Amino acid sequence: MSIPAIDVRGLRFTYPDGTAAVRGVDFQLAAGESVALLGANGSGKTTFLLHMAGLLRGEGEIRIGGVTLEDETLSSIRRSVGYVFQDSDDQLFMPTVLEDVAFGPLHRGVDAIESIRRAREILATLGISHLENRAPYHLSAGEKKRASLAGVLVMNPEVLIFDEPTTFLDPPGQKELARLLIELPQAKLIATHDVYFAKKVARRAVFFAAGRIAGDGTVEAIADRFHWGLS
Amino acid sequence: MRDRVGKSLRLEEWARRDSFLHRRDARGKILSVLLFLIAVSSTPSSSPAAFVPAAFLLIFGLIVSGLPVLELLSRACVIVPFSVFFGFVSWLENGNALFAGALVARSYVSALAVVLLMGVTPLPELFGGLRGMGVPAVLVMVLQSLVRYLRVIVDHGARMRRAALCRDAGVLPRRNRRSLWRRASGALAVLFGRSYARAEGVHRAMVARGFRGDFLSSRPTSFTAQDWLYLAGTGLAILGARYLAPVWQ
Chain B
4 MSIPAIDVRG
14 LRFTYPDGTA
24 AVRGVDFQLA
34 AGESVALLGA
44 NGSGKTTFLL
54 HMAGLLRGEG
64 EIRIGGVTLE
74 DETLSSIRRS
84 VGYVFQDSDD
94 QLFMPTVLED
104 VAFGPLHRGV
114 DAIESIRRAR
124 EILATLGISH
134 LENRAPYHLS
144 AGEKKRASLA
154 GVLVMNPEVL
164 IFDEPTTFLD
174 PPGQKELARL
184 LIELPQAKLI
194 ATHDVYFAKK
204 VARRAVFFAA
214 GRIAGDGTVE
224 AIADRFHWGL
234 S
Chain Z
358 MRDRVGKSLR
368 LEEWARRDSF
378 LHRRDARGKI
388 LSVLLFLIAV
398 SSTPSSSPAA
408 FVPAAFLLIF
418 GLIVSGLPVL
428 ELLSRACVIV
438 PFSVFFGFVS
448 WLENGNALFA
458 GALVARSYVS
468 ALAVVLLMGV
478 TPLPELFGGL
488 RGMGVPAVLV
498 MVLQSLVRYL
508 RVIVDHGARM
518 RRAALCRDAG
528 VLPRRNRRSL
538 WRRASGALAV
548 LFGRSYARAE
558 GVHRAMVARG
568 FRGDFLSSRP
578 TSFTAQDWLY
588 LAGTGLAILG
598 ARYLAPVWQ
């Protein structure tokens, strides 16, 4: 049996203001599998996802590719987890797209010339080479999303995490993003409110409610069971 | 606020253009500006005319940079209200208007030199240059964070202003200043709260991509023979302007 890309046991997290955002979650994501995280606002999806990259630390056990997430392994786990944030403006913080995409490899010890080469390569793969010298704040929402994705893919992660990837995207942009995600071989965890998008990019869905996983099954079954938009 | 965002972004765009000055290594440019500032501050002056040679030197730099000269000249005016205030105080104290004018001229040419430096050097290179010159990493880090978070605050401020204008439509009575200030102070608190949340988001994104407290530049730096020539040339020109100053005034 292969090692799961993500294995979570008994995850709990309470924010300092006392809000219990995640209340005992068990979850597994197989290597190469895509799972959609559905659920209302405030149901704990983003808090759960932030734990997968070690950006929040709660109680319970998280194993990424068989490695337990703890202080000593945090750095190597962040290398294997690529996180695409909901708001691309959070993610694109360098003065040009090229520098932003090169940020990840550069800060993981790759030298400047090689970082730039890798960044150019991934921009070409995503068809946005023409944006490399543009300032991120001048891009359209779709271009920003692609640039954010490039900044994550350039690090060649084993697991990809997307937090509301369709936010700010128009229907053609959503369609294009879905096409891109389907082509990516990595294991993917995609938090979304858009069940149509979820159906395109994943077969399995889990439904979050009040910080717990309330349902796990095919996207259609979960959407039916929780009256989440497909009928 | 929107204009200010545009202006600050324009300076960054200018810094990415190409000219003889843009191509110079950041360390050389920082050193020449430091030398210029030392020369200007040590110029004995009893009249604004003492700074004419330095101003000529800067205007030559502005022309070589290929940037819009008038816009840069007006950008440097940001310092003028402060220096005029100190000039006024000095004039009240000793009654020498020329000396007060020299104070204003000194601060204006200094500000112009810094604006020119910013206009021909992208920020990551500027910070990289400071690091390369041995400025403590913590200090550079603080400067970088300051710039980034200021940008976040300005950006949020612009959005909030736009949102307020959409609902306000400028029809609120101007005479009700008290209510206006009360709302403005509330908005300021919200602005800082929201900017903090955005800054946290940016920080998370940076950490997720390997940031461990030290910004690295993806631009390889090298101090070429041309940089040495530039440094020697500007050094001589600055010294020349410095020693011409007493003659000029």
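Residue numbers (this note's numbering), protein chains in the order written: chain B, 4 to 234; chain Z, 358 to 606.
Backbone N, C-alpha and C define an ideal beta-carbon position, used for all residues, glycine too.
Bear in mind the structure is a predicted one, so any value in this text is a computation, not a measurement.
State yes or no: is the beta carbon of residue 196 of chain B nearer than 8 Å to at least one beta carbon in chain Z?
By this cut-off, residue 196 of chain B is not an interface position.
Please classify residue 495 of chain Z: is it buried, with 16 or more other beta-carbons within 10 angstroms of its beta-carbon, or exposed?
Answer is exposed; the Cβ neighbour count stays below 16.
May I ask you to report which of helix, strand or coil DSSP gives residue 114 of chain B?
Coil, per DSSP.
Using DSSP bridges, identify the partner residues of residue 165 of chain B.
Answer is B:87 and B:193, bridged to residue 165 of chain B.
Which word fits residue 103 of chain B, buried or exposed, when buried means at least 16 other C-beta atoms lie within 10 angstroms of its C-beta?
Burial call: buried.
Taking 8 Å as the CB-CB cut-off, is residue 81 of chain B touching chain Z?
Yes, its Cβ sits closer than 8 Å to a Cβ of chain Z.
Taking the C-alpha atoms as reference points, what is the distance between residue 526 of chain Z and residue 519 of chain Z?
Because the pLDDT at residue 526 of chain Z is just 49, under 50, the model does not fix this residue reliably, and the value given afterwards should be weighed accordingly. Roughly 10 Å separates the two Cα atoms.
Please name the residues in the stretch 554 to 565 of chain Z whose beta-carbon is closer than 8 Å to at least one beta-carbon of chain B, in chain order.
Within the stretch 554 to 565 of chain Z, the residues whose Cβ lies closer than 8 Å to some Cβ of chain B are 555, 558, 559, 561, 562, 563, 564 and 565, listed in chain order.
Take residue 118 of chain B as the anchor and find which of B:147, B:154, B:131 and B:141 has the nearest alpha-carbon.
Out of B:147, B:154, B:131 and B:141, B:154 has the C-alpha closest to the C-alpha of residue 118 of chain B.
Take residue 12 of chain B as the anchor and find which of B:44, B:67, B:23 and B:43 has the nearest alpha-carbon.
Ranking B:44, B:67, B:23 and B:43 by Cα distance to residue 12 of chain B puts B:67 first.
Going by the DSSP bridge assignment, what does residue 71 of chain B pair with across the sheet?
Paired residue(s): B:66.
Roughly how many angstroms separate the alpha carbons of residue 16 of chain B and residue 62 of chain B, rounded to a whole number?
Roughly 6 Å between the two C-alpha positions.
Where does residue 216 of chain B sit, in a helix, a strand or coil, going by DSSP?
Residue 216 of chain B falls in the strand class under three-state DSSP.
Three-state secondary structure (DSSP) at residue 9 of chain B?
Note: residue 9 of chain B maps to strand in three-state DSSP.
I need the boundaries of the beta strand (DSSP E) containing residue 27 of chain B, first residue and last residue.
23 to 32 is the span of the beta strand (DSSP E), which, as asked, contains residue 27 of chain B.
Use the C-beta contact count for residue 96 of chain B: other C-beta atoms within 10 angstroms, 16 or more gives buried, fewer gives exposed.
Per the 10 Å Cβ criterion, buried.
Does the CB of residue 567 of chain Z have a neighbour CB from chain B at under 8 Å?
Judged by the 8 Å Cβ criterion, residue 567 of chain Z is in contact with chain B.
Could you tell me the alpha carbon to alpha carbon distance between residue 141 of chain B and residue 454 of chain Z, rounded to whole angstroms?
Straight-line Cα distance between these residues: approximately 47 Å.
Starting from residue 42 of chain B, trace the beta strand (DSSP E) both ways and give me its first and last residue.
Start and end: 37 to 42.
Please name the residue, chosen from B:36, B:24 and B:202, that lies closest to residue 8 of chain B on a Cα-to-Cα basis.
The shortest C-alpha separation from residue 8 of chain B is found at B:36.
With 8 Å set as the bound, which would you pick, yes or no: does the beta-carbon of residue 98 of chain B sit closer than that to a beta-carbon of chain Z?
With 8 Å as the cut-off, residue 98 of chain B counts as an interface residue toward chain Z.
So, using beta-carbon positions, are residue 148 of chain B and residue 172 of chain B closer together than 8 Å?
It is a contact, given that the beta carbons lie within the stated cut-off.
Starting from the beta carbon of residue 237 of chain B, find every residue of chain Z whose beta carbon is closer than 7 Å, and list them in chain order.
The requested residue 237 of chain B is not part of the displayed model; chain B covers only 4 to 234.
Any idea if residue 230 of chain B is buried or exposed, counting beta-carbon neighbours within 10 angstroms, 16 or more meaning buried?
Residue 230 of chain B should be labelled exposed.
Excluding five sequence neighbours on each side, which residues of the same chain lie with their C-beta closer than 6 Å to the C-beta of residue 381 of chain Z?
Contacts found: 584 and 587.
Apart from the five residues on each side of it in sequence, which residues of its chain come closer than 8 Å, Cβ to Cβ, to residue 99 of chain B?
Result list for residue 99 of chain B: 135, 136, 137, 138 and 139, in chain order.
Just checking my contact of residue 405 of chain Z with residue 459 of chain Z at CB under 8 Å: how many whole Å lie between their CB atoms?
Indeed they touch by this definition, with Cβ atoms about 5 Å apart.
Taking 7 Å as the cut-off, is the beta-carbon of residue 17 of chain B closer than that to any non-hydrogen atom of the ligand MN?
Judged by which ligands are present, the structure shown has none, so any question about the ligand MN falls away.
Can you tell me the Cα-Cα spacing of residue 562 of chain Z and residue 162 of chain B, whole angstroms?
Roughly 16 Å between the two C-alpha positions.
Would you please verify whether the beta carbon of residue 2 of chain B is less than 8 Å from any beta carbon of chain Z?
Given a span of 4 to 234 for chain B in the structure shown, any question on residue 2 of chain B remains unanswerable.
Between residue 426 of chain Z and residue 378 of chain Z, is the Cβ-Cβ spacing less than 8 Å?
It is not a contact, given that the beta carbons lie outside the stated cut-off.
Could you tell me whether any Cβ in chain B is nearer than 8 Å to the Cβ of residue 480 of chain Z?
At least one chain B Cβ lies under 8 Å of residue 480 of chain Z.
Just curious, the alpha helix (DSSP H) that residue 451 of chain Z is in, first and last residue?
Counting along the chain, the alpha helix (DSSP H) containing residue 451 of chain Z begins and ends at 437 to 451.
Just to confirm, are residue 157 of chain B and residue 188 of chain B a CB contact at a threshold of 8 Å?
Result no, Cβ atoms of residue 157 of chain B and residue 188 of chain B do not sit closer than 8 Å.
Residues in the stretch 16 to 28 of chain B with C-beta within 9 Å of chain Z's C-beta atoms, listed in sequence order?
Those residues of the stretch 16 to 28 of chain B that come within reach of chain Z (Cβ to Cβ, closer than 9 Å) do not exist; the list is empty.
In this structure, does DSSP put residue 607 of chain Z in helix, strand or coil?
Because chain Z here runs from 358 to 606, residue 607 of chain Z falls outside it and cannot be looked at.
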